[in-house]
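Notes to accompany the following structure.
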Amino acid sequence: MTPNYGKELSAGAVLLIIAALLPFASDGYMLSIGVSIAMYTVLATSWALFSGPTHYISLATAAFFGVGTYVTGAGIDLLPYWVLLPLAALVGGVLAAVVGLATLRLSGVYFVIFTLGLAEMIRQCVTWFQNQQGHKGTYVLTDLTEAHIYWQLVGLAALVYLIGWLIQHSRLGFALRIIGDDEQVAAHSGINTSLSKVALFIVSGAVAAVVGAIIAPRYVYIEPAIAFNPMLSFQVVIMALLGGTGRLWGPLVGVIPFTFLWEVISASFPNQTTLLLGLSFLIIVYLLPKGFVGLLQKIRAKTGGFA
Amino acid sequence: MKRRTALKLATALAAMSIAGASFAEGTITFGAVGPKTGPLAGGAVVTHFPNIQLWKEEVNARGGLNVGGEMMMIEVIEYDDQTNPAETIKAVTRLATQDNADFILAPYSTGLNLAAAPIFDRLGYPQITSTATTDQAEALHAQFDNIFFTLGTNSDIVGDAVKILSDLRDAGEIGNRIAMVNVADAFGIELAAAAKPAFLAAGFELVYETSYPLGTPDLSPIMKAAKAAEPDAFVAWSYPPDTFGLTEQAIIEELDVKVFYTAVATAFPAFGDRFGAAAEGIMGIGGVNTASPEFQDYAARHLEVTGQAPDYWASGMMYATLQIYEQAIEATGTLDREVITQYIKDNAFETVMGTIDFDENNNNNEFWTVGQWQDGEFKGLASTGREGAVEPILKSGWE
Amino acid sequence: MDIIITGLLLSGTYALIAMGLNLQYGVARIMNLANGEMLVVGGFAAFILFTGGGVSPLLTLFLVAPVAFFLNWLIYRIMLRPLVNRAKSRGALEQDAILTTFGLSFVMVGLMIWGFGGDYFNYSFLSRPIVIFGDNFGLNRVVAFVCAVALCAALYLWLNHSRAGMAIRAVAVSPESARLVGIDVPKLSARAFALGGAVTAVGGVIISTFLTLDASIGVLFTMKALIIVIMGGVGDVRGTIIAALILGVGETLVATFIDPGLTLAAAYAMFILILLFRPQGLFGRRPT
């Protein structure tokens, strides 16, 4: 595998540069789609970093995202913007660590719903706290444009891929693959399963919080119902699963077609958007049981070529 | 694999460009974005979309708008933003760059309007909001030159409610004790935060004060506690589902107050239908001059064309923003957005809600703030300069 | 006293929301994210029949139950059976079920909006006070509570004392062993799913008498139902009932003695605490 390292990294770098050029080539429309793609790529990939190898489905993305949004919302008048992003990462990471340590005993569907309940609880606490403060509305007025937000997200995506790549090629990655196959075996072979899982959960929580912090200036006005929208958690899971969580690039190949599909449907059928989105989910699930990754691998196997 | 992906992408893009094909000459394209699904859809389908349908049908029925001598028909492209600001931003961008819309109507609600403001600003479209309330109009105007606010400020909405209660108290009609609750979402928190000091400054005593989360399934503990505090007036800064829920609980608890105030959705016709005679005397946010022939005529047309009655608050304001476009386009005889925007800033407009004239911050300073159900209509009690306010009546029982 | 009654009434609502999902998840192994939409459909039916024809929701129940049963049976046979057959493991089925029922929930929201629009809907049914031990309660909520109790009792008795019920419980405990003793697992799973859907729709009919609903609101009920089912433990009616009681009474206590602003936060906190001490839920079996 060693000889491939350079190749993989440089291929990634080239793709990244191409992605970063989008704002210069676009009239704003592709850029707004680009922001969606970048945002969901970061969220779904960091989600899959944890959930791919462990098979733990987390519905807490909205909690971390919302917390990040509020870090920017509350801090924008007090601190320089660039301080807020690492701060959001820190808050998200600490929160994830606490949650991760608390949930070690849970498995399967209990973990799934636990994270859902947790996200709602955090939202409730944030709103309650705001209410106690007699809050006057959270406005995030900055000079940041769509392009700035896009570049930050692409940069964050690069970071996530780098982390993911490093993890895959480290002892931690190896340990996680064993945990995913059989947690008992992993424990018996001396792997600290808890620590490995929590470490990854921290990464995905911190990343989601930073995404929230980056997106906050785009929304201008921060409302709990929007910052902590549970649909976000579901969408991230759906996109990652549609792509495939076995590979680092799996979520990306879920996010891109999904975003375009979403766009085509919203643009063409404004009155039946939800209905058609639902139908297309169903079709994808039935026709692509292994996600887009599975589809790509099948095509590769047939053509025998490299891709 | 690469070819297939490329093919798929091309199909997607082709489908998008078909959707974005521009309309024939001689039409004016208006873009409209709003929630048809998601948490705010229930309000948007009452207040937002029916007005667009009404206005389009009316204008086209009389041959279109007169743009410098040419009669141009109106074409509307609608998108569902699913109550998601990211979708609002995408839809507005799509309308501007793909559909080449001549104008884009402001989205629905404060949050979604503000999320779209940077895009309207950058693409050079005027954004005449009719469902956004904010106290930050000045700061927002400084950042986004083309945003207009018509529905009013939170501080005036609160201020007038406090004033009506103060007047009633000073007249000896009600006592000093107020129970105040609010929904713990941005809107409710802001209004409650403004109302609390205002009530205290006016010399009222807040005998019960609390918030409840959006989506609370059972509001009866709140109403029981409020009742136990023996208030003279009950004020709730509430959202649609809980406006209905609190009122129902008040009936069940036989809450004995002289003033009962709930916020969003009190002005919906559905509220009057739901509670019938029990609605009599309930106060709420908004209001209109129901006696004005313009409004009566508008309400009748609204019912006839869309099959539903307009609400007694933002519906008329939504329609008024459409009339502003109409008058600005016909007066300037152009579709040039810069000219139109400047014209809107500089001139006054006659609308179903009366004259609208924007100040230096693009703010409409004359709007309704408090209304009350009287004889089956939700009538304006207080406004910042509108005519036709009626005298408040006291709430007497729930039968 | 009034606090306990208020709490019990709310518990009844919660039981109605969650009971159907418990059957669907516990027996048919489908984590149905479209559960809340089925509830709203039931509410819609009650609303339309009441405002259109003056039909009492209490009669609508008996129409909605068989229709929803058949509809959910079809959904299971057509949409979910293929997933069950192709799933290699419990985890794979869970993933597929999440994806499919999430899609299904969109489809149902879309159909409701297409057919009936996105307005809020509610109507006045028995919304008058009834005095119990000197305190006022909504008659519609009391009726809903009675319905919830009847429904839970019927389900419990049926599951524990009838042959079909025993078989269903056997499937819930272990599909493999159930198959060995000659139980037709696929057929029973379909029936359990259909029954769960019918119970949820009936819950929607009852709940619509006192809550304001709209086509998009289903997801809130789905989330609440998931929380209750997991808190109580999967596949046990008793667990769901106890969890509904804990949440209902707990929320009312918090609303009365601490702050109504914290009710939902407290509900989720109780859920989290219980899972921390009993990772398999109150009545759940430890995963083997």
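Residue numbers (the working numbering), protein chains in the order written: chain A, 1 to 307; chain B, 1001 to 1399; chain C, 2001 to 2288.
From the three backbone atoms N, C-alpha and C, an ideal C-beta is built for every residue, glycine too.
From a predicted model like this one, the values you see are computed outputs, not experimental measurements.
C-beta neighbour in chain A for residue i, strict 9 angstroms
i                       : result
residue 2100 of chain C : yes
residue 1240 of chain B : no
residue 973 of chain B  : This structure does not reach residue 973 of chain B, given that chain B is present from 1001 up to 1399, and the question cannot be answered.
residue 2271 of chain C : yes
residue 1118 of chain B : yes
residue 2230 of chain C : yes
residue 1387 of chain B : no
residue 1009 of chain B : Model confidence at residue 1009 of chain B stands at a pLDDT of 49, short of 50, so the residue's coordinates are unreliable; what they give is reported in the following sentence. So, interface residue.
Any chain C beta carbon closer than 9 angstroms to residue i
i                       : result
residue 1248 of chain B : yes
residue 120 of chain A  : yes
residue 1220 of chain B : yes
residue 1345 of chain B : no
residue 1397 of chain B : no
residue 57 of chain A   : yes
residue 1252 of chain B : yes
residue 280 of chain A  : yes
residue 114 of chain A  : yes
residue 186 of chain A  : no
residue 1235 of chain B : no
Per DSSP, cross-strand counterpart(s) of residue i
i                       : result
residue 1379 of chain B : B:1288 and B:1372
residue 56 of chain A   : DSSP, once it has assigned bridges, lists no residue as partnering residue 56 of chain A.
residue 1211 of chain B : B:1182
residue 1206 of chain B : B:1178
residue 1065 of chain B : B:1072
residue 1358 of chain B : B:1364
residue 1283 of chain B : B:1261 and B:1372
residue 1237 of chain B : B:1182
residue 2213 of chain C : C:2121
CB contact below 9 angstroms: residue i versus chain B
i                       : result
residue 2109 of chain C : yes
residue 2210 of chain C : yes
residue 2129 of chain C : yes
residue 2043 of chain C : no
residue 2225 of chain C : no
residue 2124 of chain C : yes
Selected residue, minimal CA-CA separation from residue i, among the options
i                       : options                           : result
residue 1329 of chain B : B:1314, B:1316 and B:1349         : B:1349
residue 2114 of chain C : A:275, A:280, A:292 and A:303     : A:275
residue 148 of chain A  : A:20, A:8 and A:282               : A:20
residue 211 of chain A  : A:189, A:90 and A:98              : A:90
residue 1106 of chain B : B:1056, B:1096 and B:1129         : B:1129
residue 1230 of chain B : B:1214, B:1053, B:1208 and B:1245 : B:1208
residue 208 of chain A  : A:251, A:63, A:221 and A:25       : A:63
residue 1282 of chain B : B:1380, B:1388, B:1189 and B:1228 : B:1380
residue 1243 of chain B : B:1324, B:1265, B:1113 and B:1224 : B:1265
residue 1078 of chain B : B:1334, B:1096 and B:1223         : B:1096
Residues that residue i contacts on chain A, provided the C-beta gap is smaller than 8 angstroms
i                       : result
residue 2265 of chain C : 121, 124, 125 and 128
residue 2280 of chain C : 110
residue 1074 of chain B : Within chain A, no residue comes near residue 1074 of chain B; the closest Cβ sits about 17 angstroms away, beyond 8 angstroms.
residue 1126 of chain B : Here the premise fails: no neighbours, minimum Cβ distance about 17 angstroms.
Contacts of residue i in chain B (Cβ-Cβ under 9 angstroms)
i                      : result
residue 251 of chain A : Those within 9 angstroms of residue 251 of chain A in chain B number zero; the least Cβ separation is about 16 angstroms.
Contacts that residue i makes with chain C (C-beta to C-beta distance below 8 angstroms)
i                       : result
residue 234 of chain A  : 2033 and 2102
residue 289 of chain A  : 2086 and 2096
residue 1274 of chain B : 2122, 2123 and 2124
Cross-chain neighbours of residue i in chain C, by beta carbon under 9 angstroms
i                      : result
residue 105 of chain A : 2275, 2276 and 2279
Chain B contact residues for residue i, given Cβ-Cβ distances below 8 angstroms
i                       : result
residue 27 of chain A   : 1097
residue 2137 of chain C : 1220 and 1252
Contacts that residue i makes with chain B (C-beta to C-beta distance below 7 angstroms)
i                      : result
residue 141 of chain A : 1139 and 1143
Proximal chain C residues relative to residue i, where beta-carbon distance stays under 7 angstroms
i                      : result
residue 238 of chain A : 2099 and 2102
message = Can you pull out the residues from the segment 1028-1046 of chain B whose beta carbon lies closer than 7 angstroms to at least one beta carbon of chain C?
response = 1036, 1037, 1038, 1039, 1041, 1042, 1045 and 1046
request  = Mind checking the segment 1200-1215 of chain B against chain C and listing, in chain order, the residues whose C-beta falls within less than 7 angstroms of any C-beta there?
outcome  = 1210, 1211, 1212, 1213 and 1215
key: Positions along the segment 2085-2098 of chain C whose CB lies within less than 8 angstroms of some CB in chain A   = 2086, 2090, 2091, 2094, 2095, 2096 and 2098
request  = Could you please tell me which residues of the segment 207-229 of chain A, in chain order, have their CB closer than 9 angstroms to any CB of chain B?
outcome  = 215, 217, 218, 219, 220, 221, 222, 223, 224, 225, 226 and 229
query = In the segment 1056-1069 of chain B, which residues sit with their C-beta less than 9 angstroms from some C-beta in chain C, listed in chain order?
reply = none
key: chain B contacts made by the segment 2249-2260 of chain C, where a contact means CB separation under 7 angstroms   = 2252, 2255, 2256, 2259 and 2260
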